[in-house]
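If you read the protein sequences in the order shown, they are chains A and B.
This note's numbering runs 341 ahead of the 1-based position in the first sequence.
This note's numbering runs 15 ahead of the 1-based position in the second sequence.
Ideal Cβ positions, reconstructed from N, Cα and C, are used throughout, including at glycine.
Scroll down for the structure; my scribbles are underneath it.
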Amino acid sequence: MELTKNITLGVYLPGKSSIHNLDPRTKIITATIMIVLLLISRSYAAFALSALFTGFLITLSGVPAGYAMRGLKPMLPVLAIMWVFQLFLFKAPDTTVYFHWWIFEATAAGLHMGNLIILRVLFLFTVTTFLTLTTSVVSLTDGLENLLKPLRAIGIPSQELVMTLVIALRFVLILAEELEKIIKAQMARGVAFDRGNFIQKTRKIFPVFLPLFIGAFKRAEELIVAMDARSYTGGKGRTKMKTLHMGRVDLGAAAVMIVYGGMLIYIIISTEPMI
Amino acid sequence: MSIEVVNLSHSYKEGTPFEKQVLFEINLSIGEGEFVGIIGPTRSGKTTLAQHFNALHIPRRGKVLIDGLDTKDKRADLVKIRHRVGYVFQNPEYQLFAPTVGEDIAFGPLNQKLSREEVEGRVREAMAQVGLDYRALRDRDIFALSGGQKRRAAIAGVLACKPGVLVLDDITAGLDPRGREEILSVIKELHHRRNLTTIFISNSMDEVAAMAERIIVIDRGRVIMDDPTRKVFARFKELRDIGLELPEVTVLIDRLRTAGFNLPAGVLNISEALTSISAALRELEARK
């Protein structure tokens, strides 16, 4: 019984690779560009190039590929359901119909739409997970704060926003641990979480949420008190112990990104979209 | 009920870069009606080992037999094993999940698919066993209980499943002295009256010395001692080396001995200390 094993989002895997050594701002900007490019990608060729590039980054970082993808495992049933829905319910004119029954219609358009959505989710998840796997929470915070600083001028409390985001990220793992404790306590008194089919298992999850939420609120309250006790007053007037520096690695990263981005945009323009 | 552990090893986060082995080839057996204490420094693997006893962890390497039933066996009824081996967790707050005391204690029996009357009977009995007033507390909000009451409610929730083995994971941590005293006497009485096999994990040497007949010492995932209580505490040097202390009363008597009082070595609890000190005093008196 171990839930946290499959959680990779928000986990930091320390390392010494050139990816780890990049300035957090470079990594955040790069990840954002990759995500935007993925959202405008509509052809299989474009996704193939992105897959190659992501594979290259993962190899370079020294993060075991199996571990980087591990967080996808619990999402697979959900993705499968999404895919089936797209396949049977997506409607488009002038498309090959493979199969027809009542309101359900498996079409070529549906198939491609399903694939497109799955690919997008897979890549979005992998890119963000890869970002947190190779960037510590502290530098992620510093990088984001720095990037969002200009927003202060128009009255957006960027430091507070980033703080909230980082806390949320940290809580993914904390909540998973809490969930594991509650599930274990219920298993100890006779709930068979490890038995039954997908639907039966899902139904057993509901009684777990009440104590989980109560626990989350309690934790949030404790966190507020702890922050108050250390005189946290928001972003105004805060200074940094470590300042960020861009170096030669970051220049290299920019070059690599320009080449990749250029190739991808060319492919996106020149190839036939899947849908 | 008996528990047998054969060559058990366990790693957390297996197959990830964070993999960490916490148990190394553990072998032990616990017989019917025994009262066994498990001690060891923090993070030594006590809880992980104990959670193998009720099949919350299923062994990857080695095996655990509960009354001869292998928890690894695909056909083994794990739910039944978990009802037979009751587990009281470290922080009772995690174990209590229903809104009221009565509903929470009824959770286990309801999972056993008992009738309404039977469940009600079990709740009444379990609350009586831990000294909670059935009438006054049955419909009380769980979060309105005191720390000591919460722990007793948690124990009652486990007892209501009618286990043959009771695993208690550091159940007195964070309680005031009176709360501790109350919980311990409840446990002692259950053990004596119902011949319940009891596994008592604790960080307090005083408690273990006063409660357990046999002690298993675990350090960094290995069993380093498994002997009757007196014999374990006689090896105090080794215990100190791994960061454990002796019971305070043992230390006190030891100091009195070096100061020249005629007292026996290896006194383990307050009542023993009391009898030996009063005997020594009488002897002094007589000599005068």
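Worksheet item: Among residues of its own chain, excluding the 5 on either side of G146 (chain B), which ones have a beta-carbon nearer than 8 Å to its beta-carbon?
Response: In the second sequence, the residue the question calls residue 146 (chain B) occupies position 131. Here the set comprises R167, E197 and V201.
Item to complete: Determine which residues of the stretch 525-546 of chain A have a Cβ less than 9 Å from any Cβ of chain B, and write them out in chain order.
Response: K525, A526, Q527, M528, A529, R530, G531, V532, A533, D535 and R536
Item to complete: Could you run through the stretch 411-431 of chain A and flag, in chain order, every residue whose CB is less than 8 Å away from some CB of chain B?
Response: R411
Item to complete: Starting from K11 (chain B), follow its DSSP beta bridges and name the residues at the other end.
Response: Absent from the structure is residue 11 (chain B), since the part of chain B shown begins at 16 and ends at 303.
Discussion item. What are the residues in the stretch 53-71 of chain B lying within 9 Å of chain A by C-beta distance?
Written reply: Q66, N69, A70 and L71
Worksheet item: Taking Cβ positions only, does E343 (chain A) come closer than 8 Å to chain B?
Response: Your numbering for residue 343 (chain A) matches position 2 in the first sequence. Yes, contact with chain B.
Discussion item. On the criterion of 16 or more Cβ atoms from any shown chain inside 10 Å, does V600 (chain A) qualify as buried, or is it exposed?
Written reply: Looking up residue 600 (chain A) in the first sequence gives position 259. Its Cβ having fewer than 16 others within 10 Å, V600 (chain A) is exposed.
Fill in: Under 7 Å from the C-beta of P301 (chain A): neighbouring residues of chain B
With chain A covering 342 to 616 only, the question about residue 301 (chain A) has no answer from this structure.
Discussion item. For a quick check, are the C-beta atoms of L71 (chain B) and A529 (chain A) less than 8 Å apart?
Written reply: Mapped onto the second sequence, residue 71 (chain B) falls at position 56. Mapped onto the first sequence, residue 529 (chain A) falls at position 188. Yes; because the gap between Cβ atoms is below 8 Å, this pair is in contact.
Worksheet item: Alpha carbon to alpha carbon, what distance is there between E34 (chain B) and A409 (chain A)?
Response: Locating residue 409 (chain A) in the first sequence gives position 68, counting from the first residue. Locating residue 34 (chain B) in the second sequence gives position 19, counting from the first residue. Roughly 15 Å between the two C-alpha positions.
Discussion item. Can you tell me which residues form a DSSP beta bridge with S26 (chain B)?
Written reply: Residue mapping note: residue 26 (chain B) aligns to position 11 of the second sequence, counting from 1. DSSP, once it has assigned bridges, lists B:Q36 as partnering S26 (chain B).
Worksheet item: If you count every other CB in all the chains shown that lies within 10 Å of the CB of G455 (chain A), and 16 or more means buried, which is it?
Response: Counting from one through the first sequence, the residue named residue 455 (chain A) turns up at place 114. Buried: at least 16 other Cβ atoms inside 10 Å.
Worksheet item: Comparing alpha-carbon positions, which option in B:L181, B:L271, B:F251 and B:L254 lies nearest E47 (chain B)?
Response: Along the second sequence, one-based indexing puts residue 47 (chain B) at 32. When each option's Cα is compared against that of E47 (chain B), the closest is B:L181.
Item to complete: Please report the Cβ distance between L516 (chain A) and L553 (chain A), rounded to the nearest whole angstrom; I am assuming they are in contact, meaning their Cβ atoms lie under 8 Å.
Response: Numbered from its first residue, the first sequence carries residue 516 (chain A) at position 175. Numbered from its first residue, the first sequence carries residue 553 (chain A) at position 212. So it is a contact: roughly 7 Å between Cβ atoms.
Worksheet item: Helix, strand or coil: how does DSSP classify D119 (chain B) here?
Response: Within the second sequence, residue 119 (chain B) is the residue found at index 104, counting from 1. D119 (chain B): helix per DSSP, three-state reduction.
Discussion item. Suppose contacts are defined by Cβ-Cβ distances below 8 Å. Is P56 (chain B) in contact with G258 (chain B) by that definition?
Written reply: The count along the second sequence starts at 1 and reaches residue 56 (chain B) at position 41. The count along the second sequence starts at 1 and reaches residue 258 (chain B) at position 243. Yes.
Practice prompt. Specify the secondary structure class of P243 (chain B) as computed by DSSP and reduced to three states.
Written response: Along the second sequence, read from residue 1 onward, the residue named residue 243 (chain B) stands at position 228. It is a strand residue.
Discussion item. So, for Y385 (chain A): in the same chain, excluding its five sequence neighbours on each side, which residues have a beta-carbon less than 7 Å away from its beta-carbon?
Written reply: Within the first sequence, the letter at position 44 stands for residue 385 (chain A). Hits under 7 Å: M615.
Item to complete: Sort out for me which residues DSSP pairs S44 (chain B) with in a bridge.
Response: For the purposes of this step, residue 44 (chain B) is taken as the residue at position 29 of the second sequence. Answer by DSSP bridge pairing, in chain order: B:E19.
Worksheet item: Considering R166 (chain B), what are the terminal residues of the alpha helix (DSSP H) in which it resides?
Response: Residue 166 (chain B) sits at position 151 when you count from the first residue of the second sequence. That run of the alpha helix (DSSP H) goes G162 to L174.
Worksheet item: Comparing alpha-carbon positions, which option in B:L296, B:K252 and B:D256 lies nearest L271 (chain B)?
Response: Position 256 of the second sequence, counted from the start, is the residue given in the question as residue 271 (chain B). Comparing Cα positions, the closest option is B:L296.
Discussion item. So, for L350 (chain A): in the same chain, excluding its five sequence neighbours on each side, which residues have a beta-carbon less than 8 Å away from its beta-carbon?
Written reply: In the first sequence, residue 350 (chain A) corresponds to position 9, counting from 1. These residues qualify, in order along the chain: G412, F466, T469, T470, T473, L510 and V513.
Worksheet item: In terms of residues, what are the limits of the alpha helix (DSSP H) holding D569 (chain A)?
Response: By one-based count along the first sequence, residue 569 (chain A) stands at place 228. Here the alpha helix (DSSP H) through D569 (chain A) covers F539 to A570.
Practice prompt. Compute the distance between the beta-carbons of L401 (chain A) and G484 (chain A), then report whether it is under 8 Å.
Written response: As a working mapping, residue 401 (chain A) is identified with position 60 in the first sequence. As a working mapping, residue 484 (chain A) is identified with position 143 in the first sequence. Contact flag unset, no.
Worksheet item: Should L605 (chain A) be labelled buried (16 or more other beta-carbon atoms within 10 Å of its own) or exposed?
Response: Residue 605 (chain A) sits at position 264 when you count from the first residue of the first sequence. L605 (chain A) is buried by the Cβ-count criterion.
Practice prompt. Establish whether the CB of Y149 (chain B) and some CB of chain A are separated by less than 8 Å.
Written response: Your numbering for residue 149 (chain B) matches position 134 in the second sequence. Output row for Y149 (chain B): interface = no.
Discussion item. Counting C-beta neighbours from all protein chains within 10 Å, is the total for T31 (chain B) 16 or more, i.e. buried, or is it exposed?
Written reply: Working through the second sequence from its first residue, we reach residue 31 (chain B) at position 16. Under this definition T31 (chain B) is a buried residue.
Item to complete: Taking all protein chains shown into account, decide if I157 (chain B) is buried (16 or more other Cβ within 10 angstroms of its Cβ) or exposed.
Response: Start at 1 with the first residue of the second sequence, and residue 157 (chain B) comes out as number 142. I157 (chain B) should be labelled buried.
Discussion item. I believe F68 (chain B) touches F215 (chain B) by the beta-carbon criterion, under 8 Å. Please report the beta-carbon distance rounded to the nearest angstrom.
Written reply: Translated into the one-based positions of the second sequence, residue 68 (chain B) becomes position 53. Translated into the one-based positions of the second sequence, residue 215 (chain B) becomes position 200. No, F68 (chain B) and F215 (chain B) are not in contact; Cβ-Cβ is about 12 Å, not under 8 Å.
Item to complete: Quick one: using the 10 Å Cβ neighbour count with 16 as the cut-off for buried, is I497 (chain A) buried or exposed?
Response: Your numbering for residue 497 (chain A) matches position 156 in the first sequence. It counts as exposed.
Worksheet item: Just how far apart, CA to CA, sit D85 (chain B) and K252 (chain B)?
Response: By 1-based counting over the second sequence, the position of residue 85 (chain B) is 70. By 1-based counting over the second sequence, the position of residue 252 (chain B) is 237. Roughly 37 Å separates the two Cα atoms.
Discussion item. So Y408 (chain A) contacts chain B; which residues on that side make the cut at Cβ distance below 7 Å?
Written reply: Within the first sequence, the letter at position 67 stands for residue 408 (chain A). By Cβ distance, chain B contributes T31 and P32.
Item to complete: Quick one: give me the first and last residue of the beta strand (DSSP E) that W442 (chain A) is part of.
Response: Along the first sequence, read from residue 1 onward, the residue named residue 442 (chain A) stands at position 101. Element bounds for W442 (chain A): V438 to W442.
Worksheet item: Under 8 Å, do I610 (chain A) and L488 (chain A) count as touching if we go by C-beta distance?
Response: Residue 610 (chain A) sits at position 269 when you count from the first residue of the first sequence. Residue 488 (chain A) sits at position 147 when you count from the first residue of the first sequence. No. Outside cutoff.
Worksheet item: Is L516 (chain A) near the ligand MN, in the sense that its beta carbon is under 7 Å from a heavy atom of that ligand?
Response: This structure lacks the ligand MN, and indeed carries no ligand of any kind.
Practice prompt. Report the residue from A:L564, A:I348 and A:Q527 whose alpha carbon sits nearest the alpha carbon of L551 (chain A).
Written response: Stepping through the first sequence from its first residue, residue 551 (chain A) is reached at position 210. The shortest C-alpha separation from L551 (chain A) is found at A:Q527.
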